[in-house]
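**Student:** Mind looking over this structure? Questions follow.
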Amino acid sequence: MRPAKAAVGKGWELSEVSLHSPGWVSRGIVFTAVRMLSALVRPLTNLIRSIVCQSFIHPLAMVGPRVNIGRGCLIGLCRLDTMNGAGEISIGDGTVVYNKVEVLVHGGKVIIGKHCLVTRRTALITGGHRFNRRDELIQKQGIVCGDIRIGDDCWIGYASIVLKGVTIGDGAVVAAGSVVTRDVAPYTIVAGVPARPISVRG
Ligand SMILES: CC(C)(COP(=O)(O)OP(=O)(O)OC[C@H]1O[C@@H](n2cnc3c(N)ncnc32)[C@H](O)[C@@H]1OP(=O)(O)O)[C@@H](O)C(=O)NCCC(=O)NCCS
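With numbering that gives the first Met the number 0 applied, the sequence shown corresponds to residues 0 to 201, in that order.
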């Protein structure tokens, strides 16, 4: 089927937007409205969560449903997205999640231990699109998920990416800019793309 073309709103008139289905426009409007509403109530829900968890949660942090935050945590302006509760996130006591971290849980769980540092611009991603078949759009092949577990006292360095199914042992360090595709043994320092052990702590 040929993709439908739709000119969207004033100011967009010069560019035609090619869409797979005209329904995307109405779905997009509903999606945006729901997102705007939830953003409006976010400071209040985050304040209530902060009090209940005895942690600091940034007023504008996006904290989805089925996110459990321990005591004494510092949650910056980040995105803890469980895709409307399809997945689950658990953060242990005393853990710091810095600004611009994205935890995207399409399904399954992300479990972060106690007293960890998850530094800026890091992404923890439990899902990925299936792409085995050539005769079907990747968009339609569904998503495959795997839990991510991070032990206690771990330091996940700046702008790292941790992919589905990875377990990072207690006390491990992930160097800045690494992409972690395999399990990391406890107290091991890993670096690079893909991340490989470079040394051990202590
Ligand atoms: C992981 C880290 C702590 C290692 O520090 P270190 O023990 O002093 O290690 P070194 O600098 O001696 O490097 C050891 C080896 O690992 C390599 N390495 C270090 N960091 C690396 C990185 N991010 N990516 C790829 N390789 C890296 C070095 O090139 C060196 O390789 P070589 O032996 O072949 O020369 C540090 O490199 C790092 O990434 N820190 C994160 C900083 C950060 O994210 N800060 C955010 C604010 S809290």
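We put the CB at the ideal spot given by N, CA and C, even for glycine.
From the DSSP output, in three-state form, read off Leu-116 for me.
**Tutor:** Looking at Leu-116 - three-state DSSP - the assignment turns out to be strand.
**Student:** Roughly how many angstroms lie between the CA atoms of Lys-9 and Val-161, to the nearest whole one?
**Tutor:** Unreliable placement is indicated for Lys-9, whose pLDDT of 36 sits below 50; no coordinate value is reported for it.
**Student:** Tell me where the alpha helix (DSSP H) around Asn-45 begins and ends.
**Tutor:** Note, Asn-45: alpha helix (DSSP H), 22–52.
**Student:** At 3 residues or longer, and completely inside the stretch 58–101: list those beta strand (DSSP E) runs for me, N to C.
**Tutor:** You should have 66–68, 78–80, 86–90.
**Student:** So within the stretch 135–170, which uninterrupted beta strand (DSSP E) runs reach at least 3 residues, ignoring any that extend past its ends?
**Tutor:** As far as the stretch 135–170 is concerned, its whole beta strand (DSSP E) runs of at least 3 residues are 142–144, 147–149.
**Student:** With respect to the beta strand (DSSP E) encompassing Val-109, which residues constitute its N-terminal and C-terminal limits?
**Tutor:** Where Val-109 is concerned, the enclosing beta strand (DSSP E) stretches over 107–111.
**Student:** Assign Val-104 to one of three DSSP states: helix, strand, or coil.
**Tutor:** It is coil, neither helix nor strand.
**Student:** Taking only the alpha-carbon atoms, compute the straight-line gap between Val-143 and Thr-166 and give it to the nearest angstrom.
**Tutor:** Using only the alpha carbons, I get a separation of about 17 Å.
**Student:** Quick one: is the Cβ of Leu-123 within less than 7 Å of any heavy atom of ligand 1?
**Tutor:** Every heavy atom of ligand 1 is 7 Å or more from the Cβ of Leu-123, so no.
**Student:** How about Tyr-97 and Val-117: do their beta carbons lie closer than 8 Å?
**Tutor:** Cβ atoms of Tyr-97 and Val-117: closer than 8 Å.
**Student:** If you follow the beta strand (DSSP E) that Gly-127 is in, where does it begin and where does it stop?
**Tutor:** Unbroken beta strand (DSSP E) run through Gly-127: 126–128.
**Student:** Does the Cβ of Glu-135 have 16 or more other Cβ atoms within 10 Å, making it buried, or fewer, making it exposed?
**Tutor:** Result: exposed.
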